[in-house]
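Read through the structure below, which is laid out as structure tokens, and then see the notes.
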């Protein structure tokens, strides 16, 4: 038996949130009480710690195959477990991309060795080409849990509509990275600080919420389930709320950095504060929090996306962009 003592026990399903003891037998919780005494049980003192059901992260990048100098499935799974996550969903922007059954099976074979549940999506389009849909049916049957070209937006409205129609037919969903390249400048910098401090054109808010507006309305028309990834703008929250009000099957996620940090972090942390979508304004941060509170945003996902230390140590702007 395992006895976990003095932890803050939190259970979203029952609403439990109090300091108490938890007794585990044969891998199952058999008792929760303010104080448990069990002779001979292995005891863990969880004072100051949270005891909760395993967390789920539906948006991670474990970089396997092809980019394992940054991370691999094993190290990613270890990091997830250390943070309390027992289920994660990997994105498909690997090398090669997870666009065919053979690659998917290889990835899932590696994932099956881990002690947590490691799932993966497959790409929406073949090798991220933005034009040709993958075989959704075959990939679902082989173990994909959804579809996303995360990291690259789908520019073609026609392709977006076709993908939604296929997802609807197969009772699955697509997840979308919303960012119109034609409306953006240099990624990693919010447009305000980019202009005022770095004197460049940065990542605009309209690039995010304009593409979102297109896609949620296509979702409304097709009645497909569409999931919006890592939204970061106040207007983006309003777009999701509007679509949901129409009855569209639109869900959305936000990453912790977008409700805890702002663009000002670039001034102290340099390249380590560059990300995509970028850190935004204080007004955006607060709007995202309100979106979580109201239920418009229903998922917190980390967008865990490791890079090699040498890559993160590069200057914040390449020389060609410096004034």
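In UniProt numbering, the protein residues as written are 1 to 323. Glycine included, C-beta positions come from ideal geometry on N, C-alpha and C.
query: Unbroken alpha helix (DSSP H) run spanning residue 229, endpoints; result: Where residue 229 is concerned, there is no enclosing alpha helix (DSSP H), given that its DSSP letter is neither H nor E.
query: Residue 216, DSSP secondary structure in three states; result: helix
query: Check whether residue 103 and residue 128 have beta carbons under 7 Å apart; result: no
query: Contiguous beta strand (DSSP E) assignments of at least 3 residues, all confined to the stretch 135 to 176; result: 173 to 176
query: Collapsed DSSP secondary structure at residue 36 in the structure displayed; result: coil
query: Buried or exposed (CB count within 10 angstroms, at least 16 for buried), residue 40; result: exposed
query: Per-residue burial, residue 13 [other beta carbons within 10 Å of its own, 16 or more giving buried]; result: exposed
query: Status (buried if at least 16 other CB within 10 Å, exposed otherwise) for residue 322; result: Model confidence at residue 322 stands at a pLDDT of 47, short of 50, so the residue's coordinates are unreliable and nothing is read from them.
query: Nearest candidate by alpha-carbon position, reference residue 255, set 246, 270 and 285; result: 285
query: Assigned exposure category for residue 211 - 16 Cβ within 10 Å defines buried; result: buried
query: Segment limits, alpha helix (DSSP H) that includes residue 81; result: 73 to 82
query: Extent of the continuous beta strand (DSSP E) run through residue 131; result: Premise fails: residue 131 is in no beta strand (DSSP E) and is neither H nor E.
query: Where residue 148 falls, given that 16 or more other Cβ within 10 Å makes a residue buried; result: buried
query: Local conformation of residue 285 per DSSP, three classes; result: helix
query: Residue 221 versus residue 69: straight-line alpha-carbon distance, rounded; result: 43 Å
query: Option in 275, 251 and 247 with minimal Cα separation from residue 258; result: 275
query: Under 7 Å between C-beta atoms of residue 86 and residue 66; result: no
query: Residue span of the alpha helix (DSSP H) that contains residue 259, given as start and end; result: 256 to 260
query: Nonlocal neighbours in the same chain, by C-beta distance under 7 Å from residue 283, ignoring five residues either side; result: 234
query: At least 3 beta-carbon pairs within less than 8 Å: the stretch 4 to 11 vs the stretch 50 to 67; result: yes
query: Residue 322 - DSSP class collapsed to helix/strand/coil; result: Note that residue 322 has pLDDT 47, beneath the 50 cutoff, so the model's placement of it is unreliable and no number is given.
query: Inter-stretch contact at 8 Å, needing at least 3 Cβ pairs: the stretch 187 to 207 / the stretch 159 to 166; result: no
query: Closest Cα partner of residue 168 within the set 279, 201, 224 and 145; result: 224
query: Residue 199 - DSSP class collapsed to helix/strand/coil; result: coil
query: Contact set for residue 3: own chain, Cβ-Cβ below 8 Å, skip 5 residues either direction; result: 21, 22, 23, 24, 36, 38, 41, 42, 43 and 44
query: Residues that DSSP places opposite residue 97 in a beta bridge; result: Partner(s): none; residue 97 has no beta bridge.
query: CA-to-CA distance, residue 33 to residue 150, given in whole angstroms; result: 44 Å
query: Candidates 108, 84, 27 and 90, of which the one nearest residue 304 by Cα; result: 90
query: Any non-hydrogen atom of the ligand SAM closer than 6 Å to residue 267 Cβ; result: For the ligand SAM, the structure offers nothing, since it holds no ligand at all.
query: Among 114, 199, 172 and 18, nearest to residue 122 - alpha-carbon criterion; result: 172
query: Extent of the continuous beta strand (DSSP E) run through residue 42; result: 42 to 45
query: First through last residue of the beta strand (DSSP E) which encompasses residue 310; result: Taken as a continuous stretch (DSSP letters only), residue 310 belongs to no beta strand (DSSP E), being part of the alpha helix (DSSP H) at 309 to 312.
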